[in-house]
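Numbering (the UniProt record's numbering), first residue to last: 174 to 406.
Backbone N, C-alpha and C fix where the C-beta goes; we use that ideal spot for every residue, glycine too.
Below: the structure, in structure tokens.
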Amino acid sequence: PARSDLSGLEVAVSAGGTREPIDPVRFVGNRSSGRQGVALALAAADRGADVTLVAAHVEDGVLAEVSRHPRVRIRRAGTVDELAAAMAEAAGVADVVVMAAAVSDYRAAEVSERKLSKEDAGGEEVTLRFVRTPDIVAGLADRRRPGQTVVAFAAETEDDADALVDRALRKAARKGVDLLVANRVGWTAGFGASENAVVIVSGAGDVLARAEGAKREVADSVWDAVLSARHPR
Ligand code: C5P
């Protein structure tokens with residue numbers, strides 16, 4: 174029988190990759206498929222939670238199954254600002270907030286209203302200026318409601334397992350989150366793949382769990398860790 178250990182919980186999950194415009198036809202994006210975030214939303218709903226899934230850009234077909242789930246509402250967000258606004262709204266009523274989206278760290282300092290042309294650039298090189306985006310999950314953690322659990326993700330290209338855990342622990346503390354799920358990504362694993370391998374750490378500095386397998390299995394391990402963090406024994 175299906176578990177219902179998340180029933181009564183309202184959760185907000187972000188998934189996919191943001192796209193920051195450069196001009197009307199170009200953007201800066203990333204390789205996030207949205208699969209891990211969508212698996213988290215689906216796992217939570219299957220386990221009884223009411224879910225708001227804030228979907229940035231995801232690969233074709235990734236939303237098909239989750240969009241049919243009666244306990245999942247989907248909100249779309251293209252840019253960092255749209256994602257921040259949608260997550261702030263969802264977090265206002267959520268018991269658990271999970272930021273699985275791949276958020277652009279930078280955006281164009283100026284977005285051109287006209288398509289940039291080779292004539293404008295006028296040579297063999299062009300320079301675009303980028304500025305930092307706000308850290309959405311750090312802001313959500315800062316404004317955390319009493320009893321609310323905030324979870325961040327981290328995609329690292331670190332080869333060394335110990336170094337990856339060290340980075341995860343530092344990042345969890347820096348962002349002020351309760352849990353951080355770190356995974357190694359490369360050109361072929363992690364982003365876009367159907368499997369994942371993660372280490373889950375706490376903001377308090379503990380390595381809580383490791384999980385490996387289908388993104389759905391990893392999602393269930395994340396929810397197990399969330400439940401343990403909310404109900405320590
Ligand atoms: O610092 P880094 O980008 O590695 O952190 C990843 C985590 O922070 C993810 O949970 C991601 O959704 C979140 N993030 C964010 N806002 C940003 C950049 C990342 O919420 N501007």
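Counted within 10 angstroms of its Cβ, other Cβ atoms place residue i as buried (16 or more) or exposed
{"i": "Asp223", "result": "buried"}
{"i": "Arg220", "result": "buried"}
{"i": "Ala264", "result": "buried"}
{"i": "Ala334", "result": "exposed"}
{"i": "Gly320", "result": "exposed"}
{"i": "Thr252", "result": "buried"}
{"i": "Gly295", "result": "exposed"}
{"i": "Ala237", "result": "exposed"}
{"i": "Val186", "result": "buried"}
{"i": "Arg176", "result": "exposed"}
Own chain, CB closer than 6 Å to residue i, minus 5 neighbours either side, in chain order
{"i": "Leu215", "result": "Val239"}
{"i": "Val211", "result": "Ala188, Val235, Val239"}
Closer than 6 Å: residue i CB and nearest the ligand C5P heavy atom
{"i": "Phe326", "result": "yes"}
{"i": "Ala229", "result": "no"}
{"i": "Thr191", "result": "no"}
{"i": "Val338", "result": "no"}
{"i": "Ala274", "result": "yes"}
{"i": "Ile309", "result": "yes"}
{"i": "Thr225", "result": "no"}
{"i": "Thr252", "result": "no"}
{"i": "Thr306", "result": "yes"}
Residue i Cβ short of 6 Å to the ligand MG heavy atom set
{"i": "Ile373", "result": "Absence of the ligand MG is noted for the structure shown, with the ligand C5P being the only ligands found."}
Unbroken beta strand (DSSP E) run spanning residue i, endpoints
{"i": "Arg357", "result": "352-357"}
{"i": "Glu193", "result": "193-196"}
{"i": "Glu385", "result": "380-387"}
{"i": "Leu226", "result": "223-228"}
{"i": "Val253", "result": "No beta strand (DSSP E) contains Val253, which is instead part of the alpha helix (DSSP H) from 253-264."}
Sequence-distant residues of the same chain with beta carbon closer than 8 Å to residue i, five excluded per side
{"i": "Asp278", "result": "Arg305, Thr306"}
{"i": "Ile195", "result": "Val201, Ala281, Val284, Ser285, Leu289, Leu301"}
{"i": "Leu313", "result": "Met260, Ala261, Ala264, Val270, Met272, Val323"}
Supposed close pair residue i, residue j - CB separation, criterion 8 Å
{"i": "Ala377", "j": "Lys348", "result": "Between Lys348 and Ala377 the Cβ distance is about 13 Å, and since that is not below 8 Å, they are no contact."}
{"i": "Glu390", "j": "Ala384", "result": "7 Å"}
{"i": "Ala311", "j": "Ala274", "result": "In fact, because the Cβ distance is near 14 Å, the residues do not count as touching under 8 Å."}
{"i": "residue 127", "j": "Ala218", "result": "Past the boundaries of the shown model lies residue 127; the chain is included only from 174 to 406, so the question cannot be answered."}
{"i": "Glu331", "j": "Ala267", "result": "Actually they do not touch by this definition, with Cβ atoms about 30 Å apart."}
{"i": "Arg357", "j": "Ala370", "result": "7 Å"}
{"i": "Arg248", "j": "Thr225", "result": "6 Å"}
Host alpha helix (DSSP H) of residue i (start-end)
{"i": "Ala294", "result": "291-294"}
Neighbourhood of residue i by C-beta distance below 7 Å, restricted to the same chain and skipping five residues each side
{"i": "Glu232", "result": "Ser206, Gly207"}
{"i": "Ala341", "result": "Ala327, Leu353, Ala355, Val372, Val374"}
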